[in-house]
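There are 2 protein chains.
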Amino acid sequence: MRQAKNRIAELEGILREGGVRVTRQRAAILKILAEAEDHPDASELHRRAKEIDATVSLSTVYRTLSALEQQGVVQRHAFENATARFETADAPHHDHLIDIETGAVIEFRSDKIEQLQAEIAAELGYDLVRHRLELYCRKRKD
Amino acid sequence: MRQAKNRIAELEGILREGGVRVTRQRAAILKILAEAEDHPDASELHRRAKEIDATVSLSTVYRTLSALEQQGVVQRHAFENATARFETADAPHHDHLIDIETGAVIEFRSDKIEQLQAEIAAELGYDLVRHRLELYCRKRKD
DNA sequence: ATGCAAATGAGAACCATTTGCAACTAGCTA
DNA sequence: TAGCTAGTTGCAAATGGTTCTCATTTGCAT
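From first to last, the protein sequence lines are chains G and A. If you're matching positions, the first sequence starts at 9 in my numbering and goes up one per residue. If you're matching positions, the second sequence starts at 9 in my numbering and goes up one per residue.
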């Protein structure tokens, strides 16, 4: 909780510095995002945010998410056949494993893969700007 | 050309075997797909297919692409902030590098990355079903 | 406190893709 | 070869996540 509070205050600071006003609605959305352990989509965030501030509209959720994304505070993911899902961008870079049965998302990171990607791009005459790596998996049964 | 003809006949055979009728419209779309060197989207395919058979509608393009995808003849890709793009699924598996300036798509393959992905999934207790790896790059200037 | 640019809620607009429906047709059958 | 019938088609309308419009509200620098 203390941690979360600090993080929220920190995120609000980033916004203010970026000239983005911290409104009641945005505070609610930020709190939800900071506390989220999963990767909720816009309507799920809306549902949760309304519990803090019933006036938050879905439009504002989308607008806030876009603003936060531009400030680099939030990351948007478009997994296969699904609505966009969001997470705070405070953790170091990672990729995602998606459970195709439950939709659960697990984060992982492989420096080897990261490096190989850069090498491949270089070989083809390109600079790697960003990438998307998603593993669609089924829980192993044994 | 001879090659393409054979390939088209082969694809048509696959469809018929799958109980999918090869109509005039589908033949046109198949030809376009088989000849495409790039990764066109539905409306571009529509544009090209109309030159062979002016009656092809966009609905039919979408319906045919879905049918072809289900037959495993075509693969659909949803790259970032863009409409779905398609390619025939006859080439061996590969991933994609997207030029973020031109939208051009380059195919590549890395066995090392493929292997690492499977290892990661396994470590997390999952079986890898499919994956998505896209490198968004800018042409190197030097 | 005040003023004003930024932000909000509600609903309309967007737009790629899908679907309902009545007319057509591929391709098996007799 | 004609007929049959379930699969297909074109058109237009529907869908659904996301964005935009606009009148109203509000954060916050002065």
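For every residue, glycine included, the Cβ atom is placed at its ideal position computed from N, Cα and C. Nothing here was measured: the structure is a model prediction, and the numbers come from that model.
Exercise. Hey, is the region 110-118 of chain G in contact with the region 126-140 of chain A, meaning 3+ C-beta pairs nearer than 8 Å?
Worked result: The region 110-118 of chain G vs the region 126-140 of chain A: in contact.
Exercise. What residues in its chain sit with their C-beta under 7 Å from that of Q125 (chain G), if we drop five residues either side in the sequence?
Worked result: Counting only residues of its own chain and dropping the five nearest sequence neighbours on each side, Q125 (chain G) has a CB closer than 7 Å to the CB of L136, H139.
For this session: With DSSP as the reference, label L136 (chain A) as helix, strand or coil.
Result: Reduced to three states, the DSSP call for L136 (chain A) is strand.
Exercise. Between G:D46, G:Y70, G:Q123, which lies nearest to D107 (chain G) when the distance is taken from Cα to Cα?
Worked result: D107 (chain G) has its Cα closest to that of G:D46, out of G:D46, G:Y70, G:Q123.
Exercise. If you follow the alpha helix (DSSP H) that V69 (chain A) is part of, which residue opens it and which one closes it?
Worked result: Bounds of the alpha helix (DSSP H) holding V69 (chain A) are 66-78.
Exercise. D150 (chain G): buried (16+ other C-beta within 10 angstroms of its C-beta) or exposed?
Worked result: By the 10 Å Cβ count, D150 (chain G) comes out exposed.
Problem set entry | Candidates A:I16, A:Q123, A:D61, A:A50: closest to H85 (chain A) by CA position | With distances taken between Cα atoms, H85 (chain A) lies closest to A:A50.
Exercise. So is I125 (chain G) in contact with chain A if we call contact Cβ pairs under 7 Å?
Worked result: In the sequence as presented, Ile is not what sits at residue 125 (chain G); that position holds Gln. At least one chain A Cβ lies under 7 Å of Q125 (chain G).
Exercise. Taking C-alpha atoms, which residue in G:A97, G:F87, G:S74, G:T91 lies nearest to H104 (chain G)?
Worked result: Taking only the C-alpha atoms, the option nearest H104 (chain G) is G:F87.
For this session: Kindly indicate the opening and closing residues of the alpha helix (DSSP H) around I60 (chain A).
Result: Its alpha helix (DSSP H) spans residues 50-60.
Exercise. From T68 (chain G) to E77 (chain G), what does the alpha carbon distance come to, in whole angstroms?
Worked result: Distance between the alpha carbons of T68 (chain G) and E77 (chain G): 14 Å.
Problem set entry | For R56 (chain A) and V81 (chain A), the rounded distance between their alpha carbons | CA-to-CA, the gap between V81 (chain A) and R56 (chain A) works out to about 19 Å.
Exercise. For H101 (chain G), which option in G:L141, G:R34, G:K39 has the closest C-alpha, if you only look at C-alpha atoms?
Worked result: For H101 (chain G), the closest C-alpha among the options G:L141, G:R34, G:K39 is that of G:L141.
For this session: Have a look at I121 (chain G) and I121 (chain A) and give me their C-alpha separation to the nearest angstrom.
Result: C-alpha separation (whole angstroms): 6 Å.
Exercise. What's the C-alpha gap between T96 (chain G) and V64 (chain G)?
Worked result: Answer to the nearest angstrom: the Cα atoms are 19 Å apart.
Exercise. Which residues in the same chain as G26 (chain A) place their Cβ atom closer than 6 Å to its Cβ, once the five residues preceding and following it in sequence are excluded?
Worked result: Within the same chain, G26 (chain A) has close Cβ partners Q79.
Exercise. So what's R148 (chain A) in DSSP terms, helix, strand or just coil?
Worked result: Look at R148 (chain A) here: in three-state DSSP terms it is coil, with no helix or strand label.
Problem set entry | Proximity below 7 Å, CB of T72 (chain G) to CB of R34 (chain G) | Contact flag set, yes.
Exercise. What separation, rounded to the nearest whole angstrom, lies between the Cα atoms of A92 (chain G) and I37 (chain G)?
Worked result: Taking the straight line joining both Cα atoms gives about 16 Å.
Problem set entry | N- and C-terminal bounds of the beta strand (DSSP E) containing I114 (chain G) | Unbroken beta strand (DSSP E) run through I114 (chain G): 113-116.
For this session: Step through the CB atoms of chain G and report whether any lies within less than 7 Å of the CB of D119 (chain A).
Result: False, the Cβ-Cβ gap to chain G never drops below 7 Å.
Exercise. Exposed or buried, which one is I22 (chain G) when buried takes at least 16 other CB atoms within 10 Å?
Worked result: Burial call: exposed.
For this session: Tell whether a beta-carbon distance below 7 Å holds between R61 (chain A) and R24 (chain A).
Result: Sequence inspection shows Asp at residue 61 (chain A); the Arg mentioned does not correspond to that position. In this structure, D61 (chain A) keeps its C-beta atom at 7 Å or more from the C-beta atom of R24 (chain A).
Problem set entry | Cβ neighbour criterion (16 or more within 10 Å) applied to A42 (chain A) | Under the 10 Å beta carbon count, A42 (chain A) is surrounded by 16 or more other beta carbons and is classified as buried.
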